[in-house]
Amino acid sequence: MPIFEYVCGECNHRFELLVYGSTQAACPQCKTTKLEKQISSFGVGGTDG
Numbered sequence: 000m001p002i003f004e005y006v007c008g009e010c011n012h013r014f015e016l017l018v019y020g021s022t023q024a025a026c027p028q029c030k031t032t033k034l035e036k037q038i039s040s041f042g043v044g045g046t047d048g
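Each residue of the sequence shown is one higher than the one before, counting from 0 in numbering that gives the first Met the number 0.
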């Protein structure tokens, strides 16, 4: 279940959302489904040694 970053096409709200399977994402502010998925960065953990 990945976390995606979106920008709303209606109100320009930027948010992250945990998406389950084929769930349709919606803006938490205006409830539209007109969203643009953003390329988000991710961290990779590791240890020196």
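For every residue, glycine included, the Cβ atom is placed at its ideal position computed from N, Cα and C. All of these numbers come straight from a predicted model, not from anything done at the bench.
C-alpha distance - residue i paired with residue j, whole-angstrom precision
i	j	result
residue 29	residue 9	8 Å
residue 17	residue 33	17 Å
residue 4	residue 15	4 Å
residue 23	residue 11	18 Å
residue 27	residue 36	15 Å
residue 6	residue 21	19 Å
residue 25	residue 13	12 Å
Residue closest to residue i, alpha-carbon to alpha-carbon, out of the options
i	options	result
residue 19	2, 7, 46	2
Residues bridged to residue i (per DSSP)
i	result
residue 5	14, 36
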